[in-house]
Amino acid sequence: MDLNHDNDVVVMKTKKKKIRSLWTDDTHMIFLELCLNEVRVGNKPTGYFNKFGYENLEKYMKERTGKTFDHKQIKNHWETMKKEWKLYDRLMRLESGIGWDPVRKTIDASDEWWDEKIKFWEIRTFPS
Numbered sequence: 037m038d039l040n041h042d043n044d045v046v047v048m049k050t051k052k053k054k055i056r057s058l059w060t061d062d063t064h065m066i067f068l069e070l071c072l073n074e075v076r077v078g079n080k081p082t083g084y085f086n087k088f089g090y091e092n093l094e095k096y097m098k099e100r101t102g103k104t105f106d107h108k109q110i111k112n113h114w115e116t117m118k119k120e121w122k123l124y125d126r127l128m129r130l131e132s133g134i135g136w137d138p139v140r141k142t143i144d145a146s147d148e149w150w151d152e153k154i155k156f157w158e159i160r161t162f163p164s
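Per the working numbering, the sequence shown starts with residue 37, numbered consecutively.
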């Protein structure tokens, strides 16, 4: 595996010559800004970006980061963000006694909160 750390994106070349992008915080923030812009101009009429939205995201990600992101990478990152947001939103809406730690970028909960969650799962099996 060959790693290249140029321009805030780690590009990994695997044995099959596929290129995989690992998103850094900076690249992720650029992506979010560009996605918001595409939503504002109407290029996300449903749960997904339309053809123009994806083309613009690919073009502007290249301009802003100097790295090439293909349609699949853009779509996969969008889907990953969407899943993470849904989990975060559900947790923050349905649970009391938790917050967000902006320094560590993690959920912040008291020891008592965690103890309660551990006790809950000690007497149950995890869903499969």
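Even glycine gets a Cβ: it sits at the ideal position worked out from N, Cα and C. None of the values given here were measured: they were computed from a predicted structure.
**Request:** Report the three-state DSSP secondary structure of ILE134 (helix, strand or coil).
**Result:** Walking along the sequence shown from the start, residue 134 turns up at place 98. Strand at ILE134.
**Message:** Buried or exposed, going by whether 16 or more other CB atoms sit within 10 Å of the CB of TRP150?
**Reply:** Position 114 of the sequence shown holds residue 150. With fewer than 16 Cβ atoms within 10 Å of its Cβ, TRP150 is classed as exposed.
**Asked** Taking THR142 as the reference, which of MET128, ILE154, LYS153 has the closest Cα?
**Response** In the sequence shown, counting from the first residue as 1, residue 142 sits at position 106. Closest by alpha carbon: MET128.
**Request:** Could you tell me which of GLU74, GLY83, ILE159 sits nearest to GLU91, measuring between CA atoms?
**Result:** The residue given as residue 91 occupies position 55 in the sequence shown. For GLU91, the nearest C-alpha among the options comes from GLU74.
**Message:** At the level of alpha carbons, what is the spacing between GLU155 and LEU70?
**Reply:** The count along the sequence shown starts at 1 and reaches residue 155 at position 119. The count along the sequence shown starts at 1 and reaches residue 70 at position 34. Note on identity: in this sequence residue 155 is Lys, with Glu being the wrong assignment. Inter-residue distance for LYS155 and LEU70 is about 43 Å (C-alpha atoms, whole angstroms).
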